[in-house]
Amino acid sequence: MPADWANPAGPTVTLTIARRPALDPAHRIGALLVNPGGPGGSAVDFTFDASTFFTEQVRKQFDIVGMDPRGVGRSSPILCSQDLVDAKPSPLIETAAQYAATIEYNRKLAADCAARTGPVFAHVDTGSVVRDMDAVRVALGEQKISFYGASYGSLMGEQYAERYPEQLRALVLDGVMDHTANVGTFLTLETDAAQDSFREFVAWCARDEKCVLRGQDVDKVWAALMVRARAGTLSNPYEQPEKLNPASLAQAAFAAFYEPQWYSFAYYLKDATTPKKDATTPKPAARSGVPPSPSDIVAHSFPGVICSDWYLPITGFPDLHRRLSILAGRAPQMLASPLALSATVGCLGWPYAPANPQHRIVPPPGMPPVLLVGTRHDPATSYVWAQRMAQQLGPAASVLTYEGWGHVNYNRSPCVAAVADKYLLTLARPASGASCPAVEPQPFGVG
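Structure representation (structure tokens):
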């Protein structure tokens, strides 16, 4: 594919695709392109693991096809120096000096990644990805495709439908992105979602006897850990002697809310409060000043993709400080969405203008019905985003509300899977206001 679709005769990008043929060729419907999100998730790996995610009926009647997006996985991945990636500063910036240092870091990272990646680094926006998707459709010999997009993959689905409505048979978006939010709305809605997930964790701990913190004031436990994190005295209970700062402690909570892994997160807080004294995990060896070897180069697509797709302007440290103060008032435990704040701060001083900034999707003629799966207590893609996307798409959109927790729930809720499967297989849409009941989390996030 051309690295720059505006210059088809220029440098090229190599895409990697995986295809699992339909198990029942006689009843094959077509190709179901899939993407697990990220940005940075491998659709090729997702396809390899399709038997653990998609139901047998879907696998019987669809070829499952995964294309690693440009810059991701096996498709000309964005490569950066390990040392630089590891040196990422905390997104909870507290001083003007930290703000300036973050801008310097971001510019240094962008230059390093661009040098190691090549021409595609400047062209990893989702607008370019959807053009790749349609080229894959043509290569597959499909007149139309169906698409399942989870999380950031939903943005690919939205923009493919916007550009190629006549080539789309069905579209399922699970964990819906809203690509209209400005920086203030983006930070606010995402922070509200993260804080809501924390409150749901606290409520679960009060009602489930398996929570090791049951009977304790979880808010006080958390506040005490935050005090230690700010003082630099809080150790990661499972990776000592690593120290946790407020941002990394909030990130640990945020990650636990994805499944959700409430049981194991409660143990994490308990063990962080009373760490084992016999932990002897050695510190990693210090790196020398020699240039990185190939093993010191890592794939790191997140900032390159985010800063290509989102215009998140911050005018200076006073502006960021004001926004962080407002967010902390809305989210006294989480302080801010780790995901949204990392995205915003990671684009400070980024030397490339976004090629695919936010815009409202106007449903084009020929757009098929779209199934939006919104999770009531999603920590990463706010339920409000699904509602906002439904408003943009109008009558083309049907919203299925999962009344539970976690991020992306096709594979965790039999009800969600049944509704999505019926739509994929028959194009039958759920009734207005359709919802699926919550599935209580099982120990250690299994369920």
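Okay, so the sequence shown: first residue is 86 according to this note's numbering, each after it adds one. Note that beta-carbon positions come from the ideal geometry of N, C-alpha and C, so glycine has one too. Note that this is a predicted model, so its numbers are computed, not measured.
DSSP has residue i in a bridge; who is on the other side?
i: residue 486; result: 459 and 520
i: residue 120; result: 234
i: residue 150; result: 104 and 118
i: residue 358; result: BP columns for residue 358 are empty, so no partner.
i: residue 173; result: Residue 173 pairs with nothing; no bridge assigned.
i: residue 157; result: 160
i: residue 87; result: 97
i: residue 328; result: 320
i: residue 165; result: 383
CA-CA distance, residue i and residue j?
i: residue 174; j: residue 165; result: 16 Å
i: residue 377; j: residue 340; result: Low confidence applies to residue 377: its pLDDT is 48, below 50, so where it sits in the model is not reliable enough to give any reading.
i: residue 494; j: residue 358; result: 32 Å
i: residue 270; j: residue 101; result: 35 Å
i: residue 167; j: residue 222; result: 35 Å
i: residue 438; j: residue 207; result: 9 Å
i: residue 334; j: residue 143; result: 39 Å
i: residue 360; j: residue 496; result: 35 Å
i: residue 354; j: residue 298; result: 8 Å
i: residue 99; j: residue 293; result: 50 Å
i: residue 179; j: residue 190; result: 16 Å
i: residue 410; j: residue 479; result: 36 Å
i: residue 268; j: residue 398; result: 7 Å
i: residue 498; j: residue 171; result: 36 Å
i: residue 447; j: residue 477; result: 7 Å
Please check the pair residue i and residue j, which I expect to be a contact at CB under 8 Å, by giving their CB distance rounded to whole angstroms.
i: residue 296; j: residue 307; result: The Cβ separation is near 14 Å, so there is no contact.
i: residue 272; j: residue 466; result: About 14 Å; that fails the 8 Å criterion.
i: residue 275; j: residue 491; result: At roughly 16 Å, the Cβ-Cβ gap does not stay under 8 Å, so residue 275 and residue 491 are not in contact.
i: residue 156; j: residue 209; result: 4 Å
i: residue 388; j: residue 431; result: 4 Å
i: residue 277; j: residue 461; result: That belief does not hold up - the Cβ atoms of residue 277 and residue 461 are roughly 13 Å apart, past 8 Å.
i: residue 244; j: residue 219; result: Not confirmed; about 11 Å, so no contact.
i: residue 132; j: residue 105; result: 6 Å
Keeping to the same chain, check which residues put their C-beta closer than 6 Å to that of residue i; ignore five residues upstream and five downstream.
i: residue 519; result: 485
i: residue 473; result: 263
i: residue 330; result: 175 and 314
Keeping to the same chain, check which residues put their C-beta closer than 8 Å to that of residue i; ignore five residues upstream and five downstream.
i: residue 115; result: 147, 148, 227, 229, 230, 231 and 254
i: residue 356; result: 322 and 323
i: residue 514; result: 454, 456, 483 and 508
Excluding the 5 residues preceding and the 5 following residue i in the sequence, name in chain order all residues of the same chain whose CB lies nearer than 7 Å to its CB.
i: residue 108; result: 144 and 145
i: residue 471; result: 261, 457, 459 and 484
i: residue 384; result: 162, 163 and 164
i: residue 522; result: 488 and 500
i: residue 336; result: 423
i: residue 396; result: 439, 442 and 443
Item to check | Every unbroken alpha helix (DSSP H) within the stretch 214-294, with a cutoff of 4 residues, ordered by chain | outcome: 238-248 and 268-292
Next on the checklist: Give the list of continuous alpha helix (DSSP H) stretches no shorter than 4 residues that lie fully inside the stretch 371-426.
Outcome noted: 387-394 and 402-415
Item to check | Minimum length 3: unbroken beta strand (DSSP E) runs contained in the stretch 124-148 | outcome: none
Checklist entry - Can you list, in chain order, the stretches of the alpha helix (DSSP H) that have 4 or more residues and sit fully within the stretch 294-318? => result 303-316
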